[in-house]
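Working notes, structure below.
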Amino acid sequence: MSVSLDEVVNALRASLLDNQKLKKQNQQLTAALNEPLAIIGMSCRFPGGVRSPEQLWDLVTAGTDAMAPFPADRGWDLDALYDTDPDSRGTSYVRDGGFLPDAGDFDPAFFGISPREALAMDPQQRLLLETAWEAFERAGIDPTTLRGTPTGVYAATSSQGDYAALLTGVGGGVEGYLGTGSAAAVASGRIAYALGLEGPAVTVDTACSSSLVALHLAGQALRAGECTLALVGGVSVMATPTVFVEFSRQRGLSTDGRCKSFAAAADGTGWSEGVGMLLVERLSDARRNGHPILAVVRGSAVNQDGASSGLTAPNGPSQRRVIARALANAGLTAAEVDVVEAHGTGTTLGDPIEAQALLATYGQGRPADRPLWLGSVKSNIGHTQAAAGVAGVIKMVLAMRHGVLPATLHVDRPTPHVDWSAGAVRLATERMPWPDGGGPRRAGVSAFGVSGTNAHAIIEQAAPQDTAGTAPAGPSAPPVPWLVTARSAPALAGQARRLLEHLAAHPGLRPSDVAYSLLTTRAAMPHRAVVTGDDSDALVAGLQAVAEDRSAPGVLRGVARPAGKLAVLFTGQGAQRAGMGAELHRRFPVFAAAFDEVAAELDRHLSHPLREVVFADPDTPQAALLDRTEFTQPALFAYEVAAYRLVTSWGLRPAYLLGHSIGELAAAHVAGVLSLPDAAALVAARARLMQALPAGGAMLAVRATETEVAPLLDGRVALAAVNGPASVVLSGDEDAVLAAGELLTAQGRQVRRLRVSHAFHSARMDAMLDDFRVVAEKVTWHPPTVPLVSDRTGAPLTAAEATDPGYWVEHVRDTVRFHRGVTTLAGAGTGTFLEIGPDAALTPMARECLPDLEAAAFVPVARRDSAEVAGLLAAVGAVDLRGGEVRWAELFADTDAVRIELPTYAFQHERYWPDPIIPDLAPGRAGAGEDREFWAAAESGDRAALAAVLGLDGDRGEALDAVLSALAAYRGRHRRASRMDGLRYRTAWVRVVAPSDGALAGPCLVVAPAGEPVERVLAALHAEKLSPVHVPVWPGDDLAGAVRAALRPDPEIPLRVLSLLDAFGDRTALAGTAGLVRALADAGIGARLWCVTRGAVAVDGDDPAPQVTGAAVWGLGRVLALEQPRLWGGLLDLPADPDEAALTMLARIAAAGGEEDQLAVRSGVLYARRLERAPAAAGGTWRPRGRCWCTAARRCAARTCCAGWPGGAPPTCCSPGFRYRPS
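Numbering (the working numbering), first residue to last: 245 to 1467.
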């Protein structure tokens, strides 16, 4: 087989192309594996009252020493703890350290954590939670948007055993939470759980290098694609003085508690606590996502000392190697790094070793005039242990951004134990400008663990293009409200106060940028305030009112919760006004585009351009045309369609539409019944034909019912509208209508003549109907895509009606049944009525139709005498508060608004720290105080020692032989009994205060066996403002399907789920409850589940034995409380025959919830379950009561097992294949 030269050339060319492609792919993979990381957010809390990176910068640049005396609020015995003697056991020769004054403070409700669990949580976990949230906020990321994303958590912690030890013997119901509260693994997992993050969650403990190791691991995970974002942090809280006591014995502490890094006066380290958190992302991702780039992690490395001179001794060669590897990972030489933030603990052994390693690496090959500058933040805030590395990173990022190198404190002179001439390394003992190296500022950060794990990272200044912060091109953003939200009312005021302080410190901020940042970088929480205003002063005044919790113009405040469905009402003729929509047209491009599009279609059929009529100056001939029907109706149609397009572009999705007269044609168009060209032709024809009718006739608004005016109706007087239960409109021939009005006035009815050109909805319209029918039959009709309620019938508009031209022809003539339409909407679950029109014409009528509905349910987008933009925004804000889910960010589309830094969340802290346990020093306790020596001698069996304690001489001491063994046995028995008492617990029931009123209002699923009488329960729930949705369950039912079916007519998310599966003695209650939990998860319902039982627990001796099925449900519930805490509400046991008081208690608990999750109602009193110690009765032996069940792993010899049964009923013995009940 021969091969041509061309074929060979082509094959070689293809091979070269493949090689180039593979080479490019290899380069891309290599680059990805070495891509720098962007630090996009930072948060921290450190000694000295530092609660933010800015405050840390203020502290270090001011040269502040943050060390302070031991805290007096942690239960430490400060008098007994301090002793200048390093050999004194249980003491510390140091009494200063770095402490967080609010280490015990926490806002558990923010994270959905109960107070009892908060108390059981190590403070380190709490601090990590709050700073994680703050890191996201400071990066301009709404943390709730990351739920379900591959975001990683790398948390470094110190030992969590100290705090757990404080909880020993503490009551308050912390049992069940101690395991997770003190587990280091949970520190990272809890953040991921609380925020719904699904990337790696890793807790790191390599002692003092932990947080820098965490940064290294996070970088590897980001580059490998295991996560797209990563939280990296470290935390340390000293719950007990153990670390001071331990290092006092090792003589490793500085006598004054200060770290004198690399100083001749260095005499040991100074312990402190704190927390720091970074949010990191691949640099390319940060640029693409538009996240702030504070600095760049160019490279990092981790290694181990290995078999060095001692387990805890630093290893110089290992430190040199980790620095070299970090530089290689960053692709840099040592001379390209300007500064090193050292480990610098201030110990006489560690600092010289570290300095020598730096001299051997960074100190070599540098110009003499560009030494490496060396410092340590530990000289300011002490050794923060697991947070030490991240503290150094935060300091260096801030120093690079400010171009200033802070001074290292407490350096009398450089340590003489280092040959500083061996390299170009200098201590930064004074504040100075960052050294100019001709390129980006760079710093190394070191952290070395006591276990031998070393870490080093290279931090680089962000590129200029990453920090320029240029504003996007686009028109100025419209005036948009400031939306402030919080988890609670006090927090809402706190949020407003923080924002006010921020605005005072940054007076040049644009209101639109503040609004944009509030809406796009902060989570939308239930408690909300919408502040509107024409300028900064008005907005600040409104914000001040929120901070002071008072009402003010331009401030709308409330709790956002689902309040039923949304219906949009379209206003009819009479609401028009000169210039309507002009301000909206100028400020909102969506409104302008929609209005212009509608006007262009209408202009085909009008004698004057519609915009010239609508936007004409008041009191001009053009403006006067607006009151002529031929222009009034097209103008209203254009305004309402444009306003509807605007509010729906912001995310509002109405469940129903209802129009009043001409307003129904606007509703029909937006519901898809008519295309725009067809709708424009129909509206213009309707208006033109009405205008052409002979003038005359009259219309009267009458305060009377339809029944009361019915006798006055005839061919000349028609019922034009029924607008409310006692509000009608009469229309027809002028003389006849006015005569009817006189009769009604004589009867005491309020009568008002309307200013109209024609008598609409009366026989005087008949002359136009045939011509209008011709137009109606030419257009194309479609079934509505949004449910539409007919204003002719007051019932939902059917597809047959919507597509019947005759319906729309008769629509001109028939009575407008607005009252019936609004009632229909309410019956369909509508809870919010948004009126779209140039004036609030329908809002008061709708409110009159539904007097039992709160006033906030009726919202007009405009009022005749109010500013259009402010009115519209306030209306949308009101709908948002009622569950409208407004997409506020859409208001800023294509504008010049930019994201700016805002204050972080105003956590509402309470103190969660166990009260110190006061030891029982009462006299007479065996083995305590003065008795200790006696019992030690007795237990030793040494007769002479006991005789010496008792003061007996040798001869008389012989008499002690007879009692020595008895005393030892007695002491042994009591010690064993005491130990057993420490293991014995029992459940008890304590009276608790019942909730006085429910906190929730909304839907509540009530799941019960089908056919059981649940009416009394439903009535009790109704009385507590809950809206129960009954879910009957038949045997074999698909529970998830039944739940979905119950919610289908009203898909509003339930606030509670109440299971009555065991409330009626159903034997399948256990399986049903487990199935219900799965069903709720499958249906995506996160509402808390309360399981109601009857007689499942025995509260006191008067209660009968617990029902088996209910007791099993309680067992399952206690497991669910631990495994599904977000889904779990609690267990409530009712008496066997619950009365009305018990059912009222049930409803209040369902509505209010609370901290307790195991409750029982007896005789109208609420009890909560507790676990308490149960020491054995003095002098007694255990005797079983009632029927006992004895199990064994193998066959039981009945005579051996039961022959000496200690009273009570004999047991039923059970082992595999064997059963025996003694006679």
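Backbone N, C-alpha and C define an ideal beta-carbon position, used for all residues, glycine too.
Continuous alpha helix (DSSP H) stretch holding Y407: start and end: Y407 -> alpha helix (DSSP H) spans G405 to L410.
Selection from V541, P898 and P921 that minimises the alpha carbon distance to P878: Taking only the C-alpha atoms, the option nearest P878 is P921.
Inter-stretch contact (C-beta, 8 angstroms, three-pair minimum) for the region 333-341 and the region 494-509: In short, these stretches touch, since the Cβ pair count reaches three.
L901 beta carbon less than 9 angstroms from that of D915: Reading off the sequence, residue 915 comes out as Ala, not Asp. Remark: C-beta atoms of A915 and L901 approach each other more closely than 9 angstroms.
For V338, the three-state DSSP class (helix, strand or coil): It is coil, neither helix nor strand.
Assigned exposure category for S259 - 16 Cβ within 10 Å defines buried: By the neighbour-count rule (16 or more Cβ atoms within 10 Å), S259 is not buried but exposed.
Given Q368 as reference, the closest of R610, G348, F354 and D321 once Cα atoms are compared: Residue G348 is the option with its Cα nearest to Q368.
Inter-residue Cα distance where the pair is Q264 and A465: Taken atom to atom, the span from the alpha-carbon of Q264 to that of A465 is near 29 angstroms.
Three-state class that DSSP yields for H771 in the structure shown: Under the three-state reduction of DSSP output, H771 falls in the strand class.
For P1272, the residue or residues it bridges with in DSSP: In DSSP, P1272 forms a bridge with C1248.
Bounding residues of the beta strand (DSSP E) (the contiguous stretch that carries D1377): First-last of the beta strand (DSSP E) with D1377: W1372 to L1378.
Own chain residues within Cβ distance below 6 angstroms of V803, not counting five before or after: P770 and H771.
4 or more residues per run - each alpha helix (DSSP H) lying fully within the region 891-956: Fully enclosed alpha helix (DSSP H) runs of 4 or longer: 906-914, 920-936 and 950-953.
Interface flag, A1044 vs chain C, CB-CB below 9 angstroms: Included in the structure is just one protein chain, with no chain C present.
Buried versus exposed, by CB contacts within 10 Å (16 or more), R1169: Only weak support exists for where R1169 lies, its pLDDT of 43 falling under 50; the coordinates are left without a value.
Per-residue DSSP class, three states only, for D1010: Helix at D1010.
For P320, the three-state DSSP class (helix, strand or coil): Checking the displayed sequence, the identity of residue 320 turns out to be Trp instead of Pro. The three-state secondary structure of W320, taken from DSSP, is coil.
Rounded straight-line distance, which links the Cα of V430 to that of A672: Rounded to the nearest angstrom, the two C-alpha atoms are 39 angstroms apart.
Rounded straight-line distance, which links the Cα of V524 to that of L747: Roughly 28 angstroms between the two C-alpha positions.
At least 3 beta-carbon pairs within less than 8 angstroms: the region 315-323 vs the region 542-553: With the rule of 3 Cβ pairs closer than 8 angstroms, the region 315-323 does not count as touching the region 542-553.
Which listed residue (E827, H849, A819 and T628) has its alpha carbon closest to that of L870: Restricting attention to E827, H849, A819 and T628, the CA atom closest to the CA of L870 is found in A819.
Burial state of D1306, where buried means 16 or more other Cβ atoms lie within 10 Å: Flag for D1306 reads buried.
Three-state secondary structure (DSSP) of Q820: Coil, per DSSP.
Best match in P536, F692, V1301 and L1333 for proximity to D595 [C-alpha to C-alpha]: Proximity to D595 across P536, F692, V1301 and L1333 peaks at F692, based on C-alpha coordinates.
Simplified DSSP assignment, three categories, for A1118: Three-state DSSP puts A1118 in a helix.
Nearest-angstrom Cα separation, counted from L459 out to A468: Taking the straight line from one Cα to the other gives about 14 angstroms.
Where V1277 falls: helix, strand or coil (DSSP): Three-state DSSP puts V1277 in a strand.
Three-state secondary structure assigned by DSSP to Y326: Assignment of Y326 by DSSP, reduced to helix, strand and coil, places it in the strand class.
Limits of the alpha helix (DSSP H) - the one that S780 falls within: Note, S780: alpha helix (DSSP H), S780 to A791.
For L522, the nearest candidate out of R897, I537, W617 and A767 (CA to CA): Nearest option by C-alpha distance: I537.
A1418 versus K622, S1222, E1145 and V1033, residue with shortest Cα-Cα distance: If we check each option's Cα against that of A1418, S1222 comes out closest.
Strand pairing of C471, partner residues [DSSP]: DSSP, once it has assigned bridges, lists no residue as partnering C471.
Close-in-space but distant-in-sequence residues of the same chain around R1017 (CB under 7 angstroms, 5 per side omitted): Excluding residues within five positions, the ones whose Cβ falls inside 7 angstroms are P1049 and V1053.
Short Cβ contact (9 angstroms threshold) for A1355 with D1401: Not a contact, by the Cβ cut-off of 9 angstroms.
Stretch pair the region 419-429 + the region 655-673: three plus CB contacts closer than 8 angstroms: Under the 8 angstroms Cβ criterion, the region 419-429 does not count as touching the region 655-673, having fewer than three qualifying pairs.
V1120 and V891 closer than 9 angstroms at C-beta: Yes; because the gap between Cβ atoms is below 9 angstroms, this pair is in contact.
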